[in-house]
Ligand code: COA
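Residue numbers (this note's numbering): 845 to 1153.
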């Protein structure tokens, strides 16, 4: 069976940093409330989905030291495409010098894990090398007069190159889930702002993350004790803590970057994963659990065995 392994990665965050204090000058909020309720201290705002994807994708190509023309397909996860048509992946494909198919995936904040799993499907039927990117620029669709959402969402991107392996590869188990009956709790109409019932999202988020993580672990034939690092979607520290408590994984074995980034949706899990890798938190053979949730309401998880490039 053909599998895949990550051979290079890159991240991109806009230069402009917006702190909680900056937000409190714009709306009725304050650093103490945001920190206590979410864990977020600052976020990066700016750029387009294409520009951030091009930056993270270029870094991934550089790290992997490969010819862009050797990539067989680009999968870009985003729920904030730059245009309705064509897909943002087309702009990114051209700018990076790729000579292959390119398409967008929208599974909201679970999107990067969806894209990563879909890439393995293509590897299983003959692709040799995939590029997977997760990028969102939610600041463009946030209602800046709504303190319930404006404090949470921000912009960012993470990219990786996944090469085919002759063995089963590093993806040990995965789960993709959605419940469209809950689409009203978090949505944005075409051209409209993001609308959210924060409490309803919070209530479900913990349960669907835990369920999805357990399904992936079961498929991998592993228990939570085997997990060296959990990389959850960076939406809210309280959601992460509650999910980790239920899963039985201590926070010391959990990646948290949201205090610096806010919720970057598709960018969230790759940014946290590659931040951990860049900080030397991952060694060859470590089991890593990626788990996210988002509008839709989607959930997605993947158990991977880290293979140091
Ligand atoms: N600053 C200051 N006060 C605020 C505020 C803000 N930004 N937002 C709300 N408040 C106030 C409310 O008006 C309310 O005041 P009241 O008690 O006088 O009525 C109080 O703070 C509590 O508000 P509440 O909405 O109950 O807070 P909460 O603990 O549910 O936290 C969220 C709100 C949005 C942080 C939380 O519900 C959440 O994180 N939900 C999940 C959202 C999410 O992750 N979305 C992304 C999914 S991918």
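Glycine residues also receive a C-beta, built at the ideal position from the N, C-alpha and C atoms.
Since we're looking at a predicted model, the values are computed, not measured.
Check the C-beta distance from residue 1146 over to residue 1031 and give it rounded, since I have them as a contact under 8 Å. The pair is not a contact, with the Cβ atoms about 25 Å apart (cut-off 8 Å).
Buried or exposed: which applies to residue 1152, given that a residue is buried once 16 or more other Cβ atoms fall within 10 Å of its Cβ? exposed
Taking C-beta to C-beta, are residue 1120 and residue 1081 nearer than 8 Å? no
Enumerated in chain order, which unbroken segments of the beta strand (DSSP E) with a length of 3 residues or greater are wholly contained in the stretch 1109 to 1140? 1131 to 1138
Residue 1076 and residue 1084: beta carbons closer than 8 Å? yes
Between 851, 953 and 1127, which lies nearest to residue 907 when the distance is taken from Cα to Cα? 851
Could you pull out every residue in the same chain whose Cβ sits closer than 8 Å to the Cβ of residue 1050, ignoring the five residues on either side in sequence? 1083, 1086, 1087 and 1090
Burial state of residue 896, where buried means 16 or more other Cβ atoms lie within 10 Å: buried
Does at least one heavy atom of the ligand COA sit under 7 Å from the Cβ of residue 1124? no
What residues in its chain sit with their C-beta under 8 Å from that of residue 921, if we drop five residues either side in the sequence? 948, 949, 950, 951, 955, 956, 958, 959, 976, 977, 978, 979 and 1110
Which residues mark the beginning and the end of the alpha helix (DSSP H) in which residue 1088 is found? 1081 to 1091
Which residue from 963, 900, 910 and 893 puts its Cα closest to that of residue 930? 893
Can the beta-carbon of residue 884 be found closer than 8 Å to that of residue 1102? yes
I need the DSSP call for residue 974, collapsed to helix, strand or coil. strand
Using only CA atoms, which one of 1015, 1065 and 1143 lies nearest to residue 1052? 1143
Secondary structure at residue 846, three-state DSSP: helix, strand or coil? coil
Using 8 Å as the threshold, is the C-beta distance between residue 910 and residue 942 below it? no
Can you pull the DSSP bridge partners for residue 917? 945 and 974
Take residue 889 and list the residues in its own chain whose beta-carbon comes closer than 7 Å to its own, dropping the five residues that flank it on each side. 858, 860, 862, 983, 998 and 999
Residues bridged to residue 863 by DSSP? 886
CA-CA distance, residue 1005 and residue 1130? 19 Å
Distance CB(residue 1140)-CB(residue 1024) smaller than 8 Å: yes
Give a yes or no on whether the C-beta atoms belonging to residue 799 and residue 891 are separated by under 8 Å. The first residue shown for the chain is 845 and the last is 1153, placing residue 799 beyond what the model contains.
Figure out for me which residue from 845, 848 and 856 has the closest Cα to the Cα of residue 1001. 856
How many Å lie between residue 926 and residue 900 at the Cα? 16 Å
Buried or exposed (CB count within 10 angstroms, at least 16 for buried), residue 969: exposed
Cutting at 8 Å between CB atoms, please list the residues of its own chain near residue 1118, excluding the five before and the five after it. 853, 854, 855, 1002 and 1004
Determine, using beta carbons only, whether residue 985 and residue 935 come nearer to each other than 8 Å. no
What are the partner residues of residue 1018, as DSSP defines its beta bridges? 1146
Unbroken alpha helix (DSSP H) run spanning residue 1063, endpoints: 1042 to 1064
Output yes or no for whether 8 Å exceeds the beta carbon distance between residue 847 and residue 966. no
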